[in-house]
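In what follows, a single structure is set out as structure tokens and then discussed.
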Amino acid sequence: IISPNKEGFCLTVSLRDKQINTKTKKEQDKQKKKENEKKDVFEHPVEMCAIVAIRLLIGSTTTDYLPREVTVMGRPVKLSQGVKRWYDMPLTDEEIILGVRSGFVSVTIGPSF
């Protein structure tokens, strides 16, 4: 994702499906039965998943507009000035629990230098 402006932006990531369920109970049961027949690989339901880390590439196209700061769930992440690279940001236990409860994890990209 490339920032739409120099002032920065906030990215919200969610594992939950936000679609409105308009199918009847009978249609849902038929779909579940079809899905169960097709499964070759065990898949975890979304309710059993959690975001535990974020990997962010800063400066993939140019180093002219690198952000001054990045915050993950309100926690600032230290960036190397003028260097494009990948940043691995594991979430703390509290941030993981908050992400599971709220259903999303927020990453805020600050203004560029």
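The sequence shown begins at 1 in full-length UniProt numbering and counts up by one. Glycine included, C-beta positions come from ideal geometry on N, C-alpha and C.
Tell me the rounded alpha-carbon separation between residue i and residue j.
{"i": "L15", "j": "M89", "result": "18 Å"}
{"i": "G110", "j": "Q81", "result": "13 Å"}
{"i": "K26", "j": "T12", "result": "34 Å"}
{"i": "T62", "j": "G103", "result": "33 Å"}
{"i": "W86", "j": "I58", "result": "6 Å"}
{"i": "G8", "j": "K30", "result": "45 Å"}
According to DSSP, is residue i part of a helix, a strand, or is it coil?
{"i": "V100", "result": "helix"}
{"i": "D64", "result": "coil"}
{"i": "M73", "result": "coil"}
Which residues in the same chain as residue i place their Cβ atom closer than 7 Å to its Cβ, once the five residues preceding and following it in sequence are excluded?
{"i": "Y65", "result": "K6 and S112"}
{"i": "P76", "result": "E69"}
{"i": "K78", "result": "none"}
Apart from the five residues just before and just after residue i, which ones in its own chain have a Cβ nearer than 8 Å to its Cβ?
{"i": "L91", "result": "I51, V52, A53, I54, V72, M73, G99 and V105"}
{"i": "E95", "result": "V72, M73, R75 and V105"}
Using a Cβ-Cβ cut-off of 6 Å (strictly less than) and excluding sequence neighbours within five positions of residue i, which residues of its own chain qualify?
{"i": "T108", "result": "C10 and T71"}
Among all the DSSP beta bridges, which residues are the ones paired with residue i?
{"i": "V105", "result": "V13"}
{"i": "M89", "result": "I54"}
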